[in-house]
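All residue numbers for the sequence shown refer to my numbering, where the first residue is 515 and numbers rise by one.
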Amino acid sequence: MKIRPIRVVFAALLALLLYGGFSDTRPQEGKQVLRAGIAKVDITPDLSVQMGGYGARKGMSEGIHDRIFARAIAFESGGKRLVMVSLDLVGLGDAYEYFQKAILSEFNLKPEELVLAWTHTHSGPNPTLNKERAHANNITYTESLKPKFLQIVRDALDNLAPVHTAVGAGSSPVGASRRLLKADGSSRVGGASLDRNPYGPTDKEVLVLKVTKPDGTPVAALFDYATHNTSMGARNMQISGDVLGYAQQFVEKILGSATLAPVFVGGAGDINPWYAMLPKFETEGGWIPETTLLGTLLGEEVVHVYRGIKEVSPGGEIKTAITTIQAPGKKPQSLEIGKDSSLTLPITISAARVGNAVFVAIPAGFGTELAIAIKAASMYQNTFVVTECNDKVGYIPPEYQYNQGGYEVFSSRCGPQAGDMVVKAALKLIYGL
515 MKIRPIRVVF AALLALLLYG GFSDTRPQEG KQVLRAGIAK VDITPDLSVQ MGGYGARKGM
575 SEGIHDRIFA RAIAFESGGK RLVMVSLDLV GLGDAYEYFQ KAILSEFNLK PEELVLAWTH
635 THSGPNPTLN KERAHANNIT YTESLKPKFL QIVRDALDNL APVHTAVGAG SSPVGASRRL
695 LKADGSSRVG GASLDRNPYG PTDKEVLVLK VTKPDGTPVA ALFDYATHNT SMGARNMQIS
755 GDVLGYAQQF VEKILGSATL APVFVGGAGD INPWYAMLPK FETEGGWIPE TTLLGTLLGE
815 EVVHVYRGIK EVSPGGEIKT AITTIQAPGK KPQSLEIGKD SSLTLPITIS AARVGNAVFV
875 AIPAGFGTEL AIAIKAASMY QNTFVVTECN DKVGYIPPEY QYNQGGYEVF SSRCGPQAGD
935 MVVKAALKLI YGL
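As structure tokens, this is what we get:
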């Protein structure tokens, strides 16, 4: 059961009043032919590299635990396109614009027609083009990614073929709130510490877009789930796709090697895997690593949802939209809120509809309750909230968390009102579709 606190429900009702009323205005499928193409490439580093995700981690990677990949799925209908890329990386850092511009230019795409996302694995390489601060191996690795990214987008667009689609929803306990309030104030970043809070708000929903050929042959199981990809901690020095990497590989193994299972991260700014920041992959005595178990558990739910979707539909138009808001800012690595009202932060949000599947892309570590608010107020039965994508503005927590402190607030570059502003802007885009 999804948790929807009173403040979330109120925000949802307000959004309905502002952007569309209470009538059932879910659009029906168009008669246009919907086509899709998929592609996948191995992006595991050949060299030892600096890993991303933990400032406390020192040294270089020490081997490969499991291989990491880039996956692309392209949609086309009536001349409109949407390309979605999922990368088993912590992010793209200072190289984001380098890759985005290359893809947009090469394939004549508009910014709102590209979702360039990452699983935010903290056990992967740290991409960068900053030669002054990074190891030479990381520069070499990052430069090697460009032709691979261009190739999978090209292959996906070159292999477009008619498809049928449908959306299904399930639930998984893999993610848990990571904000545990400590009344004694022992946390250095306020009263909320990065510990498992089993009773805190989480979004357990697993959304799956089923894509098949007209004859029913599986093409893709695109899925969305809200969790940080941090089962392994700073002491792990092996490259891994972590929980979400395992989930993707499990789905592809069960549904068939020709099937793509790109994952997109939901509102996971304050959510960790149930077992988080472990020191190593424990295998002694036949022990199965927790990362493997969690990834398998999530992957099994994706497969169950996929197989439970009995009716898929042909056709459907594609619509895209984009907007940039100026949100109030704050100094990062600080709990001093509102000390400088002149600070602002641009946040670019995009949205897309593929038939009756709707995606909203938010470039942040987005608070789970904010994502739930978008889903609750959306005119669509199932709305994919995609975060960790399209650049990165850092954490966007709900406003009430600024009174509690915690890592997300401490690290954020956003002021307390930013979250509500993003929710309203995202819903305006969705209703405009």
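Every residue, glycine too, gets a C-beta built ideally from N, C-alpha and C.
What you are looking at is a predicted structure, and each value in this text was computed from that prediction instead of being measured.
Since I believe residue j is in contact with residue i (beta carbons under 8 angstroms), could you give me their beta-carbon distance rounded to a whole number of angstroms?
i           : j           : result
residue 748 : residue 568 : 4 angstroms
residue 688 : residue 757 : 7 angstroms
residue 912 : residue 884 : 6 angstroms
residue 881 : residue 910 : 6 angstroms
residue 632 : residue 606 : 7 angstroms
How is the beta strand (DSSP E) around residue i delimited, first residue to last?
i           : result
residue 840 : 832-842
residue 924 : Residue 924 -> not in any beta strand (DSSP E); alpha helix (DSSP H) instead, spanning 921-925.
residue 810 : Premise fails: residue 810 lies in the alpha helix (DSSP H), 804-822, not in any beta strand (DSSP E).
residue 703 : Run containing residue 703: none; DSSP gives neither H nor E here.
residue 556 : 549-556
residue 739 : 732-739
residue 632 : 628-632
residue 569 : Counting along the chain, residue 569 falls outside any beta strand (DSSP E), and DSSP gives it neither H nor E.
Report buried or exposed for residue i, applying the criterion of at least 16 other Cβ atoms within 10 angstroms of its Cβ.
i           : result
residue 718 : buried
residue 914 : exposed
residue 830 : buried
residue 767 : exposed
residue 554 : buried
residue 929 : buried
residue 675 : exposed
residue 946 : exposed
residue 639 : buried
residue 578 : exposed
residue 920 : buried
residue 855 : exposed
residue 750 : buried
residue 657 : exposed
residue 702 : exposed
residue 793 : exposed
residue 889 : buried
Distance check for residue j and residue i, CA to CA, integer angstroms please.
i           : j           : result
residue 879 : residue 713 : 21 angstroms
residue 720 : residue 932 : 26 angstroms
residue 806 : residue 813 : 10 angstroms
residue 724 : residue 666 : 20 angstroms
residue 822 : residue 916 : 41 angstroms
residue 908 : residue 877 : 8 angstroms
residue 860 : residue 815 : 36 angstroms
residue 825 : residue 680 : 7 angstroms
residue 762 : residue 745 : 15 angstroms
residue 614 : residue 697 : 44 angstroms
residue 564 : residue 575 : 6 angstroms
residue 887 : residue 589 : 27 angstroms
residue 738 : residue 585 : 14 angstroms
residue 840 : residue 732 : 42 angstroms
residue 649 : residue 641 : 10 angstroms
residue 571 : residue 891 : 40 angstroms
residue 941 : residue 875 : 11 angstroms
residue 754 : residue 583 : 10 angstroms
residue 692 : residue 743 : 13 angstroms
residue 601 : residue 852 : 35 angstroms
residue 660 : residue 901 : 22 angstroms
residue 789 : residue 808 : 8 angstroms
residue 858 : residue 593 : 37 angstroms
residue 558 : residue 581 : 6 angstroms
residue 709 : residue 620 : 44 angstroms
residue 546 : residue 728 : 14 angstroms
residue 924 : residue 643 : 27 angstroms
Can you give me the start and stop residues for the alpha helix (DSSP H) that residue i sits inside?
i           : result
residue 651 : 650-672
residue 944 : 932-946
Given the structure, does residue i come close to the ligand MN, in the sense that its CB is under 6 angstroms from one of the ligand's heavy atoms?
i           : result
residue 800 : In the structure on display, the ligand MN does not appear, and there are no ligands present to speak of.
Within 7 angstroms (strictly less), CB to CB, does residue i reach chain D?
i           : result
residue 873 : No chain D appears in this structure, which consists of one protein chain only.
Problem set entry | Length at least 4, wholly inside the region 573-624: the alpha helix (DSSP H) runs in chain order | 610-621
For this session: With a floor of 3 residues, list each beta strand (DSSP E) that falls wholly inside the region 747-786, ordered by position along the chain.
Result: 777-779
Exercise. Going along the chain, which unbroken runs of the alpha helix (DSSP H) with 4 or more residues stay wholly within the region 875-918?
Worked result: 882-891
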